[in-house]
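See below:
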């Protein structure tokens, strides 16, 4: 088709092509700049988001709220406040802070701790000394009442309050117990989870309302504001 164009038409066609190329190149550069600018904005937004996330993640979380016993757990042994000892720090139990030989090696008996401040919590670790061997006759009571006595475990105490846990024999959950500081050292309270209600025990210690609950292999104690 180009063979039919006159020299003048060839010149016009060349001028049109050159003009079109000049118009296209700046547009392409603008598109490149726009794309680069958009990418920079996106990168800045992502980096900024990561920075904000990092700042949020680095903040200390507020202590979790104490579990609210909105549902009713199963009370095995109700607490009798009339038999509770006076609110006073306990005397050091024999062996506290000293190495004690057990079949699992030498262990150290954990001392009692003071109640937490209102609105905070403390975590009580398991006391290696307080196992089924320390239960004496109360271990038999567990087995006779549907618990697996071999799973009984005691924890560090809060003043005179001695928490324990034990599993039910039928595998339906882990129950929370409070050891009595009177009457031969039996159980003064026992609560089991039921219908979604966690095992929670409340005790007033040194004028504060403490809420005990099971947290895996430990016992959490919350000082509940009133």
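Residue numbers (my numbering): 40 to 265. Heads up, the beta-carbon is just placed ideally off N, CA and C, and yes, glycines get one too.
Local Cβ density within 10 Å of residue i, reported as buried at 16 or more and exposed below that
i	result
residue 221	exposed
residue 193	buried
residue 255	exposed
residue 172	exposed
residue 148	buried
residue 175	exposed
residue 162	exposed
Cβ pair residue i, residue j closer than 7 Å
i	j	result
residue 260	residue 249	yes
residue 233	residue 253	no
residue 155	residue 195	no
residue 228	residue 116	yes
residue 187	residue 211	no
Segment limits, beta strand (DSSP E) that includes residue i
i	result
residue 259	257-262
residue 116	113-116
residue 241	239-244
residue 215	213-218
First through last residue of the alpha helix (DSSP H) which encompasses residue i
i	result
residue 198	Note, residue 198: premise wrong, no alpha helix (DSSP H); not H, not E.
residue 248	Where residue 248 is concerned, there is no enclosing alpha helix (DSSP H), although the beta strand (DSSP E) it sits in stretches over 247-254.
residue 179	176-183
DSSP three-state assignment for residue i, whether helix, strand or coil
i	result
residue 225	coil
residue 204	strand
residue 123	coil
residue 159	coil
residue 188	helix
Residue i Cβ short of 6 Å to the ligand GTP heavy atom set
i	result
residue 116	Judged by which ligands are present, the structure shown has none, so any question about the ligand GTP falls away.
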